[in-house]
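Residue numbers (the working numbering): -4 to 538.
Right, here's the structure in full:
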(Lines of atoms letter the chains of each structure in order from A and count residues from 1; the text may use other names and numbers.)
(Lines give C-alpha, C1' and ligand atoms only; values in the text may rest on other atoms or scores of the structure.)
Protein backbone atom coordinates (compact mmCIF):
# COMPACT_ATOMS: atom_id res chain seq x y z
CA UNK A 1 0.00 0.00 0.00
CA UNK A 2 1.29 3.47 -0.91
CA UNK A 3 0.20 6.90 0.27
CA UNK A 4 1.48 10.20 -1.06
CA UNK A 5 2.54 13.41 0.69
CA UNK A 6 4.60 16.48 -0.10
CA UNK A 7 6.83 16.19 2.96
CA UNK A 8 7.43 13.24 5.30
CA UNK A 9 9.13 13.90 8.64
CA UNK A 10 10.74 11.16 10.71
CA UNK A 11 10.47 11.92 14.42
CA UNK A 12 7.69 13.89 16.13
CA UNK A 13 9.86 15.46 18.80
CA UNK A 14 10.17 19.25 19.19
CA UNK A 15 12.08 19.79 15.94
CA UNK A 16 9.97 17.42 13.86
CA UNK A 17 6.75 19.01 15.09
CA UNK A 18 8.20 22.47 14.44
CA UNK A 19 9.16 21.65 10.85
CA UNK A 20 5.75 20.10 10.28
CA UNK A 21 3.89 23.11 11.69
CA UNK A 22 5.75 25.60 9.49
CA UNK A 23 5.47 23.58 6.27
CA UNK A 24 1.88 22.49 6.80
CA UNK A 25 0.82 26.10 7.29
CA UNK A 26 2.71 26.85 4.06
CA UNK A 27 0.18 24.67 2.25
CA UNK A 28 2.15 21.43 2.11
CA UNK A 29 0.67 18.00 2.72
CA UNK A 30 2.82 16.81 5.62
CA UNK A 31 3.08 13.52 7.50
CA UNK A 32 4.88 13.08 10.82
CA UNK A 33 6.11 9.57 11.63
CA UNK A 34 6.78 8.82 15.30
CA UNK A 35 8.14 5.55 16.66
CA UNK A 36 6.61 6.02 20.12
CA UNK A 37 2.89 6.04 20.85
CA UNK A 38 3.03 9.64 22.10
CA UNK A 39 4.35 12.59 20.09
CA UNK A 40 6.41 15.37 21.63
CA UNK A 41 9.71 13.64 22.33
CA UNK A 42 11.27 15.08 25.47
CA UNK A 43 8.36 17.51 25.93
CA UNK A 44 6.59 15.04 28.18
CA UNK A 45 4.64 15.35 31.44
CA UNK A 46 3.61 12.08 33.06
CA UNK A 47 2.11 10.71 36.27
CA UNK A 48 4.90 8.26 37.04
CA UNK A 49 4.72 8.26 40.85
CA UNK A 50 1.25 8.83 42.35
CA UNK A 51 -1.90 10.05 40.57
CA UNK A 52 -2.22 13.85 40.42
CA UNK A 53 1.55 14.33 40.67
CA UNK A 54 2.72 15.54 37.27
CA UNK A 55 6.39 15.03 36.39
CA UNK A 56 8.29 16.53 33.47
CA UNK A 57 10.19 13.40 32.61
CA UNK A 58 12.74 14.94 30.26
CA UNK A 59 12.65 18.61 29.21
CA UNK A 60 11.77 20.96 32.06
CA UNK A 61 14.05 24.03 31.97
CA UNK A 62 13.01 26.04 28.90
CA UNK A 63 15.84 28.39 28.01
CA UNK A 64 14.94 30.07 24.69
CA UNK A 65 11.29 31.07 25.10
CA UNK A 66 12.17 34.76 24.74
CA UNK A 67 14.15 34.18 21.51
CA UNK A 68 12.61 31.27 19.57
CA UNK A 69 10.56 32.56 16.58
CA UNK A 70 8.03 29.72 16.86
CA UNK A 71 6.35 31.32 19.89
CA UNK A 72 5.55 34.53 18.03
CA UNK A 73 4.88 32.94 14.64
CA UNK A 74 2.17 30.67 16.04
CA UNK A 75 0.98 32.81 18.98
CA UNK A 76 0.83 29.85 21.35
CA UNK A 77 -0.19 31.97 24.32
CA UNK A 78 -2.92 33.91 22.54
CA UNK A 79 -4.43 30.92 20.71
CA UNK A 80 -3.94 28.07 23.15
CA UNK A 81 -3.21 29.72 26.49
CA UNK A 82 0.33 28.35 26.69
CA UNK A 83 2.18 30.15 29.46
CA UNK A 84 5.70 29.98 30.80
CA UNK A 85 6.63 30.89 34.35
CA UNK A 86 9.83 32.89 34.92
CA UNK A 87 10.78 32.39 38.61
CA UNK A 88 12.37 35.47 40.16
CA UNK A 89 14.98 33.33 41.93
CA UNK A 90 16.53 31.09 39.31
CA UNK A 91 19.36 29.34 41.21
CA UNK A 92 20.18 28.82 44.88
CA UNK A 93 23.27 27.02 46.14
CA UNK A 94 23.31 26.50 49.92
CA UNK A 95 26.80 26.86 51.42
CA UNK A 96 28.23 25.24 54.58
CA UNK A 97 27.88 28.44 56.63
CA UNK A 98 24.08 28.28 56.43
CA UNK A 99 23.67 30.89 53.72
CA UNK A 100 22.86 30.43 50.04
CA UNK A 101 24.40 31.94 46.93
CA UNK A 102 21.55 33.06 44.68
CA UNK A 103 21.13 33.97 41.01
CA UNK A 104 18.01 36.03 40.38
CA UNK A 105 16.36 37.13 37.18
CA UNK A 106 17.23 40.63 38.42
CA UNK A 107 21.03 41.05 38.10
CA UNK A 108 21.20 43.61 40.91
CA UNK A 109 19.63 41.18 43.37
CA UNK A 110 22.16 38.58 42.21
CA UNK A 111 24.97 41.04 42.88
CA UNK A 112 23.63 41.62 46.39
CA UNK A 113 23.73 37.88 47.04
CA UNK A 114 27.23 37.48 45.62
CA UNK A 115 28.48 40.46 47.65
CA UNK A 116 27.90 38.39 50.82
CA UNK A 117 30.75 36.22 49.60
CA UNK A 118 32.85 38.71 47.61
CA UNK A 119 32.23 42.32 46.64
CA UNK A 120 34.80 41.96 43.88
CA UNK A 121 32.88 39.01 42.45
CA UNK A 122 29.62 40.95 42.66
CA UNK A 123 31.16 43.73 40.57
CA UNK A 124 32.57 41.16 38.15
CA UNK A 125 29.16 39.50 37.79
CA UNK A 126 27.53 42.82 36.97
CA UNK A 127 30.10 43.51 34.26
CA UNK A 128 29.90 39.98 32.84
CA UNK A 129 26.11 40.05 32.84
CA UNK A 130 26.11 43.18 30.67
CA UNK A 131 28.74 41.75 28.35
CA UNK A 132 26.98 38.42 27.83
CA UNK A 133 23.59 40.09 27.48
CA UNK A 134 24.95 42.15 24.58
CA UNK A 135 26.61 39.13 22.98
CA UNK A 136 23.38 37.16 23.31
CA UNK A 137 21.18 39.89 21.82
CA UNK A 138 23.50 40.87 18.99
CA UNK A 139 25.18 37.63 17.89
CA UNK A 140 24.67 34.38 19.79
CA UNK A 141 20.87 34.52 19.98
CA UNK A 142 20.39 35.45 16.29
CA UNK A 143 22.98 32.84 15.20
CA UNK A 144 20.75 30.15 16.70
CA UNK A 145 18.14 30.74 14.00
CA UNK A 146 20.30 30.99 10.87
CA UNK A 147 22.50 28.55 9.00
CA UNK A 148 26.09 28.34 10.27
CA UNK A 149 29.01 29.66 8.25
CA UNK A 150 32.28 27.74 7.75
CA UNK A 151 34.75 28.56 10.53
CA UNK A 152 37.14 30.64 8.35
CA UNK A 153 34.29 32.86 7.15
CA UNK A 154 32.94 33.26 10.68
CA UNK A 155 36.39 34.18 11.95
CA UNK A 156 36.87 36.75 9.19
CA UNK A 157 33.47 38.27 9.91
CA UNK A 158 34.19 38.38 13.64
CA UNK A 159 37.36 40.40 13.03
CA UNK A 160 35.28 43.24 11.58
CA UNK A 161 33.79 44.26 14.96
CA UNK A 162 34.78 44.57 18.61
CA UNK A 163 31.87 42.35 19.64
CA UNK A 164 32.84 39.73 17.09
CA UNK A 165 36.43 39.69 18.29
CA UNK A 166 35.21 39.33 21.86
CA UNK A 167 33.17 36.25 20.95
CA UNK A 168 36.21 34.78 19.18
CA UNK A 169 38.21 35.21 22.38
CA UNK A 170 35.58 33.22 24.24
CA UNK A 171 35.67 30.47 21.61
CA UNK A 172 39.36 29.90 22.19
CA UNK A 173 39.07 29.55 25.96
CA UNK A 174 37.75 26.89 28.33
CA UNK A 175 34.86 27.44 30.76
CA UNK A 176 37.26 26.88 33.66
CA UNK A 177 39.61 29.60 32.42
CA UNK A 178 36.79 32.10 31.95
CA UNK A 179 35.08 31.43 35.29
CA UNK A 180 38.26 31.40 37.38
CA UNK A 181 39.50 34.58 35.76
CA UNK A 182 36.21 36.34 36.50
CA UNK A 183 35.63 35.19 40.07
CA UNK A 184 37.77 34.66 43.17
CA UNK A 185 35.37 33.13 45.70
CA UNK A 186 35.19 29.35 45.50
CA UNK A 187 31.42 29.16 46.05
CA UNK A 188 30.80 31.71 43.31
CA UNK A 189 33.11 29.81 40.98
CA UNK A 190 31.28 26.56 41.72
CA UNK A 191 27.82 27.88 40.91
CA UNK A 192 28.94 29.71 37.77
CA UNK A 193 30.88 26.69 36.51
CA UNK A 194 27.89 24.44 37.10
CA UNK A 195 25.49 26.79 35.34
CA UNK A 196 27.74 27.20 32.31
CA UNK A 197 28.73 23.55 31.89
CA UNK A 198 25.74 21.51 33.05
CA UNK A 199 24.17 21.14 29.60
CA UNK A 200 27.20 19.49 28.09
CA UNK A 201 30.19 21.83 27.96
CA UNK A 202 33.45 20.19 29.04
CA UNK A 203 34.97 22.49 31.66
CA UNK A 204 38.46 21.96 30.18
CA UNK A 205 37.52 22.04 26.46
CA UNK A 206 38.39 25.02 24.27
CA UNK A 207 36.99 25.59 20.79
CA UNK A 208 33.31 25.84 21.77
CA UNK A 209 33.69 28.65 24.28
CA UNK A 210 31.35 30.85 22.25
CA UNK A 211 28.60 28.92 24.06
CA UNK A 212 29.80 30.24 27.44
CA UNK A 213 28.03 33.62 27.04
CA UNK A 214 24.85 31.81 25.97
CA UNK A 215 24.71 29.50 28.98
CA UNK A 216 25.73 32.26 31.39
CA UNK A 217 23.05 34.55 29.97
CA UNK A 218 20.44 31.81 30.18
CA UNK A 219 21.26 31.18 33.87
CA UNK A 220 18.86 34.00 34.72
CA UNK A 221 16.28 33.23 32.03
CA UNK A 222 15.03 29.67 32.53
CA UNK A 223 11.27 29.13 32.37
CA UNK A 224 8.82 26.44 33.46
CA UNK A 225 5.87 25.54 31.23
CA UNK A 226 2.66 26.09 33.19
CA UNK A 227 0.81 22.79 33.36
CA UNK A 228 3.89 20.84 32.33
CA UNK A 229 6.18 20.57 29.33
CA UNK A 230 3.59 18.53 27.44
CA UNK A 231 1.56 21.74 27.13
CA UNK A 232 4.28 23.02 24.80
CA UNK A 233 4.14 19.97 22.52
CA UNK A 234 0.34 20.13 22.59
CA UNK A 235 0.41 23.73 21.36
CA UNK A 236 2.74 22.85 18.47
CA UNK A 237 0.61 19.85 17.50
CA UNK A 238 -2.59 21.89 17.63
CA UNK A 239 -1.05 24.39 15.21
CA UNK A 240 0.02 21.51 12.98
CA UNK A 241 -3.39 19.82 12.99
CA UNK A 242 -5.22 23.08 12.30
CA UNK A 243 -3.56 23.18 8.88
CA UNK A 244 -4.40 19.53 8.10
CA UNK A 245 -1.05 18.13 9.16
CA UNK A 246 -1.15 14.37 9.73
CA UNK A 247 0.68 12.07 12.11
CA UNK A 248 1.20 8.35 12.52
CA UNK A 249 2.51 7.16 15.87
CA UNK A 250 3.88 3.68 16.68
CA UNK A 251 5.50 3.82 13.23
CA UNK A 252 8.32 1.30 12.93
CA UNK A 253 10.52 2.44 10.05
CA UNK A 254 12.20 -0.12 7.83
CA UNK A 255 14.04 2.18 5.44
CA UNK A 256 14.13 5.50 3.64
CA UNK A 257 13.32 4.72 0.01
CA UNK A 258 16.25 5.77 -2.19
CA UNK A 259 16.03 5.72 -5.99
CA UNK A 260 18.93 6.96 -8.13
CA UNK A 261 20.40 8.91 -5.23
CA UNK A 262 17.10 10.63 -4.38
CA UNK A 263 14.92 10.17 -1.29
CA UNK A 264 11.47 9.15 -2.49
CA UNK A 265 9.69 8.20 0.71
CA UNK A 266 9.66 5.98 3.79
CA UNK A 267 8.77 2.30 4.10
CA UNK A 268 7.50 0.93 7.41
CA UNK A 269 8.02 -2.54 8.84
CA UNK A 270 4.34 -3.31 8.18
CA UNK A 271 4.91 -2.80 4.45
CA UNK A 272 3.16 0.57 4.06
CA UNK A 273 5.09 2.99 1.88
CA UNK A 274 4.67 6.73 2.30
CA UNK A 275 5.94 8.57 -0.77
CA UNK A 276 7.20 12.17 -0.68
CA UNK A 277 6.83 14.50 -3.66
CA UNK A 278 9.23 17.10 -2.29
CA UNK A 279 11.16 16.08 0.81
CA UNK A 280 11.94 13.42 3.38
CA UNK A 281 13.16 14.91 6.65
CA UNK A 282 14.90 13.13 9.51
CA UNK A 283 15.05 14.64 12.99
CA UNK A 284 16.50 11.53 14.62
CA UNK A 285 20.17 10.74 15.21
CA UNK A 286 22.87 10.43 12.58
CA UNK A 287 23.35 6.67 12.90
CA UNK A 288 19.70 5.71 12.51
CA UNK A 289 19.18 8.17 9.67
CA UNK A 290 22.10 7.19 7.47
CA UNK A 291 23.51 3.86 8.63
CA UNK A 292 20.18 2.16 9.36
CA UNK A 293 17.55 3.78 7.13
CA UNK A 294 19.44 5.19 4.14
CA UNK A 295 21.94 2.32 4.12
CA UNK A 296 25.68 2.43 3.57
CA UNK A 297 25.20 1.12 0.03
CA UNK A 298 23.70 4.50 -0.88
CA UNK A 299 26.52 6.54 0.68
CA UNK A 300 30.15 7.32 -0.08
CA UNK A 301 32.63 5.58 2.20
CA UNK A 302 34.02 8.89 3.51
CA UNK A 303 30.55 9.93 4.61
CA UNK A 304 30.00 6.59 6.35
CA UNK A 305 33.31 7.09 8.16
CA UNK A 306 32.15 10.52 9.37
CA UNK A 307 28.95 8.99 10.71
CA UNK A 308 30.85 6.26 12.52
CA UNK A 309 33.22 8.83 14.03
CA UNK A 310 30.35 10.75 15.64
CA UNK A 311 30.92 11.21 19.38
CA UNK A 312 28.07 10.85 21.84
CA UNK A 313 27.95 12.92 24.99
CA UNK A 314 30.39 12.48 27.85
CA UNK A 315 27.66 12.29 30.43
CA UNK A 316 23.95 11.72 30.62
CA UNK A 317 21.43 12.32 33.41
CA UNK A 318 20.30 10.35 36.44
CA UNK A 319 16.91 11.73 37.46
CA UNK A 320 14.79 10.90 40.49
CA UNK A 321 11.21 12.19 40.39
CA UNK A 322 9.55 12.71 43.76
CA UNK A 323 5.99 12.77 45.06
CA UNK A 324 6.25 14.75 48.32
CA UNK A 325 3.74 15.29 51.09
CA UNK A 326 4.92 18.91 51.45
CA UNK A 327 7.30 21.38 49.81
CA UNK A 328 10.89 21.40 51.08
CA UNK A 329 11.99 23.95 53.67
CA UNK A 330 15.68 24.72 53.25
CA UNK A 331 17.88 25.59 56.22
CA UNK A 332 19.39 28.41 54.16
CA UNK A 333 15.95 30.06 54.01
CA UNK A 334 16.50 31.17 57.61
CA UNK A 335 18.99 33.73 56.30
CA UNK A 336 17.10 34.42 53.04
CA UNK A 337 13.41 33.38 52.82
CA UNK A 338 13.60 33.59 49.00
CA UNK A 339 15.56 30.33 49.01
CA UNK A 340 12.43 28.22 49.43
CA UNK A 341 11.16 29.61 46.11
CA UNK A 342 14.20 28.98 43.92
CA UNK A 343 13.69 27.32 40.55
CA UNK A 344 16.91 25.28 40.72
CA UNK A 345 19.09 24.22 43.64
CA UNK A 346 22.70 23.14 43.27
CA UNK A 347 23.29 20.67 46.10
CA UNK A 348 26.24 18.63 47.27
CA UNK A 349 29.20 20.79 46.26
CA UNK A 350 31.36 22.66 48.78
CA UNK A 351 34.07 23.65 46.30
CA UNK A 352 34.79 24.05 42.61
CA UNK A 353 37.43 21.32 42.86
CA UNK A 354 34.73 18.87 43.97
CA UNK A 355 32.72 19.70 40.87
CA UNK A 356 35.59 19.37 38.39
CA UNK A 357 36.79 16.19 40.12
CA UNK A 358 33.33 14.72 39.62
CA UNK A 359 33.52 15.47 35.88
CA UNK A 360 36.97 13.87 35.73
CA UNK A 361 35.67 10.72 37.41
CA UNK A 362 32.67 10.52 35.08
CA UNK A 363 35.04 10.59 32.10
CA UNK A 364 36.42 7.26 33.36
CA UNK A 365 32.99 5.79 34.01
CA UNK A 366 32.92 6.40 37.75
CA UNK A 367 29.83 7.68 39.53
CA UNK A 368 31.07 9.03 42.86
CA UNK A 369 28.91 8.36 45.91
CA UNK A 370 29.34 11.99 46.94
CA UNK A 371 28.15 13.41 43.60
CA UNK A 372 26.04 16.56 43.68
CA UNK A 373 23.08 17.46 41.52
CA UNK A 374 20.44 20.08 40.78
CA UNK A 375 17.02 19.87 42.39
CA UNK A 376 13.78 21.53 41.36
CA UNK A 377 10.26 21.52 42.77
CA UNK A 378 7.96 22.60 39.92
CA UNK A 379 4.75 22.68 41.96
CA UNK A 380 6.19 25.49 44.11
CA UNK A 381 5.85 27.68 41.01
CA UNK A 382 2.96 25.87 39.30
CA UNK A 383 0.47 24.35 41.80
CA UNK A 384 -1.13 22.34 38.98
CA UNK A 385 1.76 19.89 39.08
CA UNK A 386 0.95 18.45 42.53
CA UNK A 387 -2.11 18.06 44.80
CA UNK A 388 -2.90 21.04 47.09
CA UNK A 389 -0.38 21.42 49.90
CA UNK A 390 1.94 18.82 48.43
CA UNK A 391 4.86 19.03 46.02
CA UNK A 392 6.48 17.40 43.02
CA UNK A 393 10.25 17.23 42.85
CA UNK A 394 13.16 16.31 40.61
CA UNK A 395 16.74 15.50 41.59
CA UNK A 396 18.84 15.56 38.40
CA UNK A 397 22.41 14.33 38.51
CA UNK A 398 25.04 14.14 35.79
CA UNK A 399 26.11 10.53 35.26
CA UNK A 400 28.19 8.45 32.81
CA UNK A 401 26.42 5.99 30.54
CA UNK A 402 28.93 3.15 30.87
CA UNK A 403 29.80 2.58 34.51
CA UNK A 404 33.37 1.48 35.15
CA UNK A 405 32.04 -1.30 37.34
CA UNK A 406 29.15 -3.03 35.59
CA UNK A 407 28.59 -0.95 32.46
CA UNK A 408 25.19 0.52 31.59
CA UNK A 409 23.48 -2.76 32.55
CA UNK A 410 24.17 -2.02 36.22
CA UNK A 411 21.63 0.81 36.05
CA UNK A 412 18.92 -1.79 35.43
CA UNK A 413 19.58 -3.52 38.76
CA UNK A 414 16.76 -2.59 41.12
CA UNK A 415 18.89 -2.67 44.27
CA UNK A 416 21.45 -0.36 42.69
CA UNK A 417 18.73 2.02 41.54
CA UNK A 418 17.38 2.09 45.09
CA UNK A 419 20.87 2.89 46.42
CA UNK A 420 21.22 5.78 43.98
CA UNK A 421 17.86 7.26 44.95
CA UNK A 422 18.60 6.81 48.65
CA UNK A 423 21.87 8.71 48.33
CA UNK A 424 20.20 11.55 46.48
CA UNK A 425 17.49 11.77 49.16
CA UNK A 426 20.07 11.84 51.98
CA UNK A 427 21.75 14.77 50.26
CA UNK A 428 18.42 16.59 49.98
CA UNK A 429 17.70 16.00 53.69
CA UNK A 430 21.05 17.59 54.57
CA UNK A 431 19.84 20.90 53.12
CA UNK A 432 16.08 20.55 53.71
CA UNK A 433 15.57 18.55 56.96
CA UNK A 434 11.79 18.40 56.55
CA UNK A 435 12.36 15.98 53.66
CA UNK A 436 13.36 13.25 56.12
CA UNK A 437 11.13 10.39 57.23
CA UNK A 438 7.88 9.85 55.36
CA UNK A 439 7.94 13.11 53.41
CA UNK A 440 8.76 11.22 50.22
CA UNK A 441 5.59 9.35 49.33
CA UNK A 442 7.03 7.78 46.18
CA UNK A 443 10.01 8.09 43.89
CA UNK A 444 10.75 7.06 40.31
CA UNK A 445 14.29 6.95 38.96
CA UNK A 446 15.42 7.38 35.35
CA UNK A 447 19.01 6.37 34.55
CA UNK A 448 21.11 6.99 31.43
CA UNK A 449 20.24 3.45 30.32
CA UNK A 450 16.53 4.22 30.70
CA UNK A 451 16.88 7.35 28.57
CA UNK A 452 18.40 5.33 25.72
CA UNK A 453 15.73 2.65 26.06
CA UNK A 454 12.91 5.19 25.98
CA UNK A 455 14.32 7.50 23.30
CA UNK A 456 16.28 5.37 20.82
CA UNK A 457 17.81 8.43 19.15
CA UNK A 458 19.38 9.50 22.46
CA UNK A 459 22.20 7.00 22.06
CA UNK A 460 24.13 6.39 25.29
CA UNK A 461 21.70 8.75 26.99
CA UNK A 462 22.84 11.62 24.76
CA UNK A 463 20.01 14.07 25.33
CA UNK A 464 21.44 16.42 22.66
CA UNK A 465 22.07 13.65 20.06
CA UNK A 466 25.83 14.19 20.30
CA UNK A 467 28.68 15.86 22.10
CA UNK A 468 29.37 19.59 21.90
CA UNK A 469 32.88 19.32 20.50
CA UNK A 470 34.81 21.69 18.17
CA UNK A 471 34.51 19.13 15.36
CA UNK A 472 30.79 18.62 15.99
CA UNK A 473 29.54 22.19 16.29
CA UNK A 474 28.92 25.15 14.02
CA UNK A 475 29.34 24.32 10.34
CA UNK A 476 30.50 20.81 11.34
CA UNK A 477 27.31 19.77 13.12
CA UNK A 478 26.80 17.03 12.14
CA UNK A 479 29.40 17.37 9.34
CA UNK A 480 30.28 19.69 6.49
CA UNK A 481 27.99 17.86 4.05
CA UNK A 482 24.87 18.24 6.21
CA UNK A 483 25.51 21.51 8.04
CA UNK A 484 22.81 23.41 6.13
CA UNK A 485 20.21 20.66 6.65
CA UNK A 486 20.81 19.20 3.18
CA UNK A 487 22.46 15.79 2.77
CA UNK A 488 24.33 13.81 0.07
CA UNK A 489 20.96 12.24 -0.77
CA UNK A 490 18.82 14.54 -2.90
CA UNK A 491 15.54 15.61 -1.22
CA UNK A 492 16.67 14.17 2.14
CA UNK A 493 17.03 16.80 4.86
CA UNK A 494 18.13 16.64 8.51
CA UNK A 495 16.75 18.85 11.26
CA UNK A 496 17.19 17.25 14.68
CA UNK A 497 19.34 18.06 17.71
CA UNK A 498 22.34 16.49 15.94
CA UNK A 499 22.29 19.47 13.56
CA UNK A 500 23.29 23.07 14.31
CA UNK A 501 22.65 24.67 16.79
CA UNK A 502 22.04 21.53 18.90
CA UNK A 503 19.68 20.19 21.53
CA UNK A 504 17.83 21.09 24.75
CA UNK A 505 14.62 22.23 22.99
CA UNK A 506 16.04 25.53 21.73
CA UNK A 507 13.93 25.34 18.52
CA UNK A 508 16.87 26.22 16.24
CA UNK A 509 17.39 22.99 14.23
CA UNK A 510 13.73 22.67 13.23
CA UNK A 511 13.35 26.35 12.36
CA UNK A 512 16.49 26.38 10.21
CA UNK A 513 15.46 23.14 8.51
CA UNK A 514 12.01 24.51 7.65
CA UNK A 515 13.70 27.51 6.05
CA UNK A 516 16.07 25.29 4.07
CA UNK A 517 13.28 23.03 2.77
CA UNK A 518 11.20 26.04 1.72
CA UNK A 519 14.16 27.49 -0.17
CA UNK A 520 15.26 24.21 -1.77
CA UNK A 521 11.76 23.07 -2.74
CA UNK A 522 10.33 26.40 -3.87
CA UNK A 523 7.80 26.64 -1.05
CA UNK A 524 6.57 30.16 -0.33
CA UNK A 525 7.24 31.19 3.26
CA UNK A 526 4.38 32.68 5.24
CA UNK A 527 6.69 33.56 8.12
CA UNK A 528 9.02 36.54 8.34
CA UNK A 529 12.64 36.67 9.40
CA UNK A 530 12.93 37.37 13.16
CA UNK A 531 13.75 40.98 13.99
CA UNK A 532 16.79 39.93 16.01
CA UNK A 533 18.18 38.13 12.96
CA UNK A 534 17.52 41.08 10.65
CA UNK A 535 19.19 43.48 13.07
CA UNK A 536 22.21 41.22 13.53
CA UNK A 537 22.54 40.84 9.77
CA UNK A 538 22.32 44.61 9.25
CA UNK A 539 25.06 45.11 11.84
CA UNK A 540 27.30 42.65 10.01
CA UNK A 541 27.42 40.03 12.75
CA UNK A 542 25.86 37.23 10.68
CA UNK A 543 25.62 36.49 6.96
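Quick reminder that beta carbons are idealized off the backbone N, C-alpha and C, glycines included.
Start and end residues, alpha helix (DSSP H) containing residue i
i	result
residue 354	347 to 358
residue 339	Not the alpha helix (DSSP H): residue 339 falls in the beta strand (DSSP E), residues 339 to 342.
residue 328	It is not in any alpha helix (DSSP H) - residue 328 carries neither H nor E in the DSSP assignment.
residue 419	409 to 426
residue 508	503 to 516
residue 297	296 to 303
residue 12	9 to 20
residue 234	225 to 237
Close-in-space but distant-in-sequence residues of the same chain around residue i (CB under 6 Å, 5 per side omitted)
i	result
residue 441	314
residue 110	117
residue 522	68
residue 87	95, 97, 334, 337 and 340
residue 56	217
residue 222	379
residue 252	259, 260 and 262
residue 376	80, 82 and 219
N- and C-terminal bounds of the beta strand (DSSP E) containing residue i
i	result
residue 192	Unbroken run through residue 192 is the alpha helix (DSSP H), 181 to 192; no beta strand (DSSP E).
residue 249	248 to 254
residue 439	435 to 441
residue 488	487 to 489
residue 108	Taken as a continuous stretch (DSSP letters only), residue 108 belongs to no beta strand (DSSP E), being part of the alpha helix (DSSP H) at 102 to 110.
residue 371	368 to 371
residue 257	257 to 263
residue 86	84 to 89
residue 315	311 to 319
residue 242	241 to 243
residue 0	-3 to 5
residue 132	From DSSP, residue 132 is part of no beta strand (DSSP E); its letter is neither H nor E.
residue 273	268 to 277
Proximity below 7 Å, CB of residue i to CB of residue j
i	j	result
residue 45	residue 318	yes
residue 80	residue 219	yes
residue 500	residue 9	yes
residue 280	residue 460	yes
residue 75	residue 230	yes
residue 144	residue 531	no
residue 312	residue 422	no
residue 323	residue 394	no
residue 518	residue 21	yes
residue 38	residue 224	yes
residue 283	residue 464	no
residue 50	residue 41	yes
residue 344	residue 90	no
residue 396	residue 456	yes
residue 112	residue 183	yes
residue 277	residue 5	yes
residue 320	residue 228	no
residue 308	residue 432	no
residue 32	residue 199	no
residue 353	residue 366	yes
Closest Cα partner of residue i within the set the options
i	options	result
residue 35	421, 187, 226 and 142	226
residue 348	251, 496, 189 and 72	189
residue 544	179, 321, 192 and 208	With the chain covering -4 to 538 only, the question about residue 544 has no answer from this structure.
residue 61	48, 49, 104 and 78	78
residue 403	389, 361 and 377	361
residue 416	287, 392 and 228	392
residue 47	458, 224, 286 and 383	383
residue 467	454, 495, 323 and 316	495
residue 445	516, 406 and 180	406
residue 295	536, 510 and 484	484
residue 572	265, 232 and 175	Residue 572 is absent from the structure shown; the chain starts at -4 and stops at 538.
residue 234	73, 358, 115 and 329	73
residue 7	130, 136, 236 and 535	236
Cβ-based neighbour list, residue i, same chain, cut-off 7 Å, excluding 5 preceding and 5 following
i	result
residue 146	469 and 470
residue 287	none
residue 478	143, 470, 471, 472 and 495
Residue i Cβ short of 6 Å to the ligand NAP heavy atom set
i	result
residue 271	Looking at this structure, you won't find the ligand NAP or any other ligand, since it has none at all.
Close beta carbons around residue i, own chain, < 8 Å, minus the five adjacent residues each side
i	result
residue 364	418
residue 326	89, 93, 426, 427 and 428
residue 528	137, 140, 141 and 537
_Three-pair Cβ contact test at 8 Å for the stretch 234 to 245 versus the stretch 5 to 24_ = Yes, they touch.
*Using 8 Å as the threshold, is the stretch 210 to 224 in touch with the stretch 463 to 473, meaning 3 or more CB pairs across them?*
The stretch 210 to 224, when compared against the stretch 463 to 473, does not touch it at the 8 Å Cβ threshold.
_Measuring CB atoms only, is the stretch 473 to 491 touching the stretch 504 to 520, in the sense that at least three cross pairs come out at less than 8 Å?_
yes
*Are the stretch 523 to 536 and the stretch 130 to 150 in contact at 8 Å, needing three or more beta carbon pairs?*
yes
*asked:* So, does the stretch 156 to 170 touch the stretch 190 to 205, judging by three or more C-beta pairs under 8 Å?
replied: Contact check between the stretch 156 to 170 and the stretch 190 to 205: three or more CB pairs, one atom from each, fall below 8 Å, which counts as touching.
_Is it the case that the stretch 264 to 275 contacts the stretch -3 to 7, given that we only count it when at least three CB pairs across the two stretches are under 8 Å?_
yes
*Take every Cβ of the stretch 147 to 156, pair it with every Cβ of the stretch 118 to 129, and state whether three or more of those distances are shorter than 8 Å.*
no
*Determine contact between the stretch 296 to 314 and the stretch 22 to 38, defined as no fewer than three beta-carbon pairs at a distance below 8 Å.*
no
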